[in-house]
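Structure, as structure tokens:
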Amino acid sequence: MGSLLRTADELVAALQNASDPSETGRIRSRVATDESVIGVRMGTLFEMAKLATDIPSTELERLFTHPAYEPRLAAFCILDFRARRRLSDEEREDLAAIYLDHHDAITTWDMVDRAAPRVIGWPILSDVIEFTVLEDLARSDDPLRRRSAITAPLWFIRKGTDADVARGLLIADLLAEDPHPRVASAVKIYRKHAARRGR
Numbered sequence: 006m007g008s009l010l011r012t013a014d015e016l017v018a019a020l021q022n023a024s025d026p027s028e029t030g031r032i033r034s035r036v037a038t039d040e041s042v043i044g045v046r047m048g049t050l051f052e053m054a055k056l057a058t059d060i061p062s063t064e065l066e067r068l069f070t071h072p073a074y075e076p077r078l079a080a081f082c083i084l085d086f087r088a089r090r091r092l093s094d095e096e097r098e099d100l101a102a103i104y105l106d107h108h109d110a111i112t113t114w115d116m117v118d119r120a121a122p123r124v125i126g127w128p129i130l131s132d133v134i135e136f137t138v139l140e141d142l143a144r145s146d147d148p149l150r151r152r153s154a155i156t157a158p159l160w161f162i163r164k165g166t167d168a169d170v171a172r173g174l175l176i177a178d179l180l181a182e183d184p185h186p187r188v189a190s191a192v193k194i195y196r197k198h199a200a201r202r203g204r
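Everything in the sequence shown is counted per the working numbering, starting at 6 for the first residue and increasing by one.
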């Protein structure tokens with residue numbers, strides 16, 4: 006592996022070529038029963054997504070709308086890889102907008118966890134986008150949007166001030182009684198890291 010992947014078709018073909026039946030069962034445990042799965046080891050998928058980091062926006066759009074789990078996860082990995090670069094405020098705002106505009110493509114918690122901290126948390130910490138984005142996500146009927154709301158502030162713990170960490174705790178408070186296990190576990194994770202930061 007090493008050649009850049011420049012189109013959605015090239016990335017999907019690479020994923021299909023890396024299909025491993027032993028991975029399908031593991032992936033099936035976290036996707037909907039009717040969701041298409043290719044069966045690719047996560048480390049392999051991340052490597053392929055990194056090779057596709059500069060894929061054109063029209064091709065990225067095709068990944069977001071792909072019916073299979075792995076191409077959509079790859080699309081959110083691409084956003085995360087882009088967010089790791091030295092970017093302008095406008096570029097960070099654009100990445101956040103892409104994430105939010107394609108949130109319906111998120112069907113599993115790992116898509117959120119892969120991208121939300123850098124793609125959403127970083128521009129909020131930098132005051133590129135408003136903190137109210139998290140509040141809006143936290144009030145959503147969609148549990149994966151609520152998970153985004155509390156996962157994005159993990160970037161505050163990593164790079165922010167104590168006051169920033171406290172802002173994340175406000176979101177944790179909003180979601181304190183959330184009945185969905187994937188949201189409740191994310192709240193617990195945030196509180197645990199925030200407590201460590203406070204020691």
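Where is the CB? At the ideal position from N, CA and C, for every residue including glycine.
Residue i (DSSP reduced to helix, strand or coil)
i, result
"Ser5", "Nothing about residue 5 can be reported from this structure: the residues present for the chain run from 6 to 204 only."
"Ala73", "strand"
"Ser210", "Because the chain is modelled from 6 through 204, residue 210 falls outside the range shown and cannot be assessed."
"Ser41", "strand"
"Ser34", "coil"
"Pro128", "helix"
"Ser62", "helix"
"His107", "coil"
"Ile155", "helix"
"Phe81", "helix"
"Pro148", "helix"
"Glu253", "Missing from the structure shown is residue 253; the chain here goes from 6 to 204 and no further."
Whole-Å CB distance - residue i paired with residue j, under 8 Å assumed
i, j, result
"Leu10", "Ala57", "4 Å"
7 Å Cβ cutoff met for residue i and residue j
i, j, result
"Ala189", "Asp183", "yes"
"Phe81", "Ala120", "yes"
"Val124", "Thr156", "no"
"Leu139", "Gly165", "no"
"Trp114", "Arg46", "no"
Candidates the options, of which the one nearest residue i by Cα
i, options, result
"Ala23", "Val117, Arg123, Arg119, Glu52", "Glu52"
"Gly126", "Arg87, Ile162, Pro158, Ala181", "Pro158"
"Thr70", "Glu98, Arg35, Glu28, Val17", "Val17"
"Ala199", "Asp169, Lys55, Arg187", "Asp169"
"Arg89", "Leu78, Met47, Lys55, Ala37", "Lys55"
Contact test: residue i Cβ vs the ligand MN heavy atom, cutoff 6 Å
i, result
"Ala199", "In the structure on display, the ligand MN does not appear, and there are no ligands present to speak of."
Sequence-distant residues of the same chain with beta carbon closer than 6 Å to residue i, five excluded per side
i, result
"Arg97", "Pro128, Val133"
Chain-order list of residues whose beta-carbon lies under 7 Å from that of residue i (same chain, five-residue window excluded)
i, result
"Ala101", "Val124, Ile125, Pro128, Ile134"
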